[in-house]
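Chemist: Numbering (this note's numbering), first residue to last: 1253 to 1510.
Beta carbons: idealized from backbone N, C-alpha and C, even for Gly.
Just dropping this structure here.
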Amino acid sequence: MSKPVVIVTGGTGGLGMALAKEYIREGYHVVITSRDHTKLKRIQREWNRPPMLHIYKLDLSDNEAVRAFSAWIKIRFGRCDILINNAGSALFKPFLDHSLEEIHQTIESNLLGTLYMTRAFLPMMLAQSEARIVNIASLAGRVASAKTAVYAATKAAVIRFSESLRHELAATHISVTCALPGPIDTPFLMYADNTGTYKQKVSGYLLSPEKTAKAIMKATKQKRFEVALPKRLHLLSLIYPLLPDFIMKRVAPLLNRK
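Have a look at this one:
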């Protein structure tokens, strides 16, 4: 199969869907995964883009299922040119209000799924002439705020994992890109906070999934390690760790708008 293959986890909505559409426009075979088979089939019907769009029901918390998916990709396509670890979840609420099940689900979706997918696909990608890994983290992984304890912890872990993996693969033909977007205007925000309060408070700097997808694609093509947006939040994330404590206390109310 001559056309390159892109895998997008969590590709049935939001940023994942925007990425899938952009890569299809570029002429890639795109495989989107989700736990929701009904959504996958609906998208397959609505997009009407055979043979470029492919669907696969996958639970990223199940390592054996991830390994089986990797084997299926190997048989079906023989390659994975770009692996986009996009699937994720969040609940913006006080830490003590999280149930243990919610904590486990967030860790599985945001972190373990990324580790499982990368571990399953890396051998195949190393055997190719070129490949790219894209991990979707968040600016919350660099600057945490109130009510994001679990989510921010998992995204910080994704950033550090990406950094380490980049160093490990520096002498290979595989590039690693880590995306750190701010809040994106998708249904994800209402899932994270179904009161709508968070979305209302960050409405002034919401990103569109399409703009974010294009920025990530550009960074991936250029083999840049990091892409972060919007610019003003990215700048804040860079200077925040350098601020003295008394200034941090003044900045804190801006970060706790959830």
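Alpha carbon to alpha carbon, how far is Pro1346 from Tyr1275? Give it in angstroms, no decimals.
Modeler: Here residue 1275 is taken as the residue at index 23 of the sequence shown, counted from 1. Here residue 1346 is taken as the residue at index 94 of the sequence shown, counted from 1. Each residue's alpha carbon lies about 37 Å from the other.
Chemist: My guess is that Val1318 and Ile1385 are in contact by the Cβ rule of under 8 Å, so how many angstroms apart are they, rounded?
Modeler: Taking the first residue of the sequence shown as 1, we reach residue 1318 at position 66. Taking the first residue of the sequence shown as 1, we reach residue 1385 at position 133. Going by Cβ atoms, the distance from Val1318 to Ile1385 rounds to 15 Å, so no, they are not a contact pair.
Chemist: Rounded to a whole number of angstroms, what is the C-alpha to C-alpha distance between Ala1383 and Asp1497?
Modeler: By one-based count along the sequence shown, residue 1383 stands at place 131. By one-based count along the sequence shown, residue 1497 stands at place 245. When rounded, the distance between both Cα atoms is 43 Å.
Chemist: Could you check what DSSP says for His1419 in three-state terms: helix, strand or coil?
Modeler: In the sequence shown, residue 1419 corresponds to position 167, counting from 1. Three-state result, His1419: helix.
Chemist: So the beta strand (DSSP E) Tyr1308 belongs to, where does it begin and stop?
Modeler: Looking up residue 1308 in the sequence shown gives position 56. Segment Leu1305 to Lys1309, the beta strand (DSSP E) holding Tyr1308.
Chemist: Within the same chain, show all residues whose beta-carbon is closer than 6 Å to that of Ser1322, passing over the 5 residues directly before and after it, in chain order.
Modeler: Within the sequence shown, numbered from 1, the residue matching residue 1322 stands at position 70. Closer than 6 Å at the Cβ level, and outside the excluded window around Ser1322, lie Ala1372 and Phe1373.
Chemist: Asn1315 lies in the alpha helix (DSSP H); which residues open and close that run?
Modeler: Residue numbering aside, residue 1315 sits at position 63 when the sequence shown is read from its first letter. Here the alpha helix (DSSP H) through Asn1315 covers Asn1315 to Arg1328.
Chemist: Quick one: what does DSSP say Ala1396 is sitting in, helix, strand or coil?
Modeler: Indexing the sequence shown from 1 puts residue 1396 at position 144. Here Ala1396 sits in coil by DSSP.
Chemist: Inspect the CB distances between the region 1422-1441 and the region 1387-1404 and report whether three or more fall short of 8 Å.
Modeler: They touch, by the three-pair rule.
Chemist: Please report the residue range of the beta strand (DSSP E) in which Glu1478 lies.
Modeler: As a first step, residue 1478 must be located in the sequence shown, where it is residue number 226. Unbroken beta strand (DSSP E) run through Glu1478: Glu1478 to Leu1481.
Chemist: Which of the three DSSP states is assigned to His1281 in this structure?
Modeler: Sequence index remark: in the sequence shown, residue 1281 carries index 29 (1-based). Strand, per DSSP.
Chemist: What are the partner residues of Arg1384, as DSSP defines its beta bridges?
Modeler: Taking the sequence shown and counting its residues from 1, one reaches residue 1384 at position 132. For Arg1384, which the question treats as bridged, DSSP gives the partners Ile1334 and Ser1427.
Chemist: For the structure I just gave you, are there three or more beta carbon pairs, one from the region 1460-1467 and one from the region 1414-1425, closer than 8 Å?
Modeler: Output reads no: the region 1414-1425 does not touch the region 1460-1467.
Chemist: Hey, could you find the ends of the alpha helix (DSSP H) Thr1222 is sitting in?
Modeler: A question about residue 1222 goes unanswered here, because the residues of the chain that appear run from 1253 up to 1510.
Chemist: Nearest to Asp1437 by alpha carbon, out of Ala1270, Gln1357 and Pro1256?
Modeler: Mapped onto the sequence shown, residue 1437 falls at position 185. Of Ala1270, Gln1357 and Pro1256, the residue nearest in Cα terms is Ala1270.
Chemist: Per DSSP, which residues does Ser1254 bridge with? Please list them.
Modeler: Looking up residue 1254 in the sequence shown gives position 2. Ser1254 pairs with nothing; no bridge assigned.
Chemist: Within its chain, find whatever has a CB closer than 8 Å to the CB of Glu1360; leave out the 5 residues flanking it on each side and keep chain order.
Modeler: As a first step, residue 1360 is located in the sequence shown; it is residue number 108 there, counting from the start. Counting only Cβ-Cβ distances below 8 Å, and skipping sequence neighbours, we find Leu1312 and Ser1313.
Chemist: Kindly identify the DSSP beta-bridge partner or partners of Leu1391.
Modeler: Here residue 1391 refers to the residue found at position 139 of the sequence shown. Its beta-bridge partners do not exist; DSSP assigns none.
Chemist: To which residues of the same chain is Lys1475 closer than 7 Å at the C-beta, ignoring the five residues directly before and after it?
Modeler: Counted from its first residue, the sequence shown places residue 1475 at position 223. Ser1427, listed in sequence order.
Chemist: Between the C-alpha atoms of Phe1413 and Leu1267, what's the straight-line distance to the nearest angstrom?
Modeler: Indexing the sequence shown from 1 puts residue 1413 at position 161. Indexing the sequence shown from 1 puts residue 1267 at position 15. Whole-angstrom Cα-Cα distance: 21 Å.
Chemist: Could you tell me which residues DSSP puts in a beta bridge with Pro1433?
Modeler: As a working note, residue 1433 is residue 181 in the sequence shown. Note: Pro1433 sits in a beta bridge opposite Leu1481.
Chemist: Assuming the contact rule is C-beta atoms closer than 8 Å, Thr1264 and Lys1293 should be a hit. Round their C-beta distance to whole Å, please.
Modeler: Residue numbering aside, residue 1264 sits at position 12 when the sequence shown is read from its first letter. Residue numbering aside, residue 1293 sits at position 41 when the sequence shown is read from its first letter. Not quite, the Cβ-Cβ distance comes to about 10 Å (not below 8 Å), so this is no contact.
Chemist: For Lys1255, which residues of its own chain have a beta-carbon under 7 Å away from its beta-carbon, when the five flanking residues on both sides are left out?
Modeler: The residue you call residue 1255 lines up with position 3 of the sequence shown. If we look at Lys1255 and ignore the five residues flanking it on each side, its Cβ neighbours are Gly1279, Tyr1280 and His1281.
Chemist: How would you write the range of the alpha helix (DSSP H) that Gly1365 sits in, first residue to last?
Modeler: Along the sequence shown, read from residue 1 onward, the residue named residue 1365 stands at position 113. Gly1365 to Leu1378 is the span of the alpha helix (DSSP H), which, as asked, contains Gly1365.
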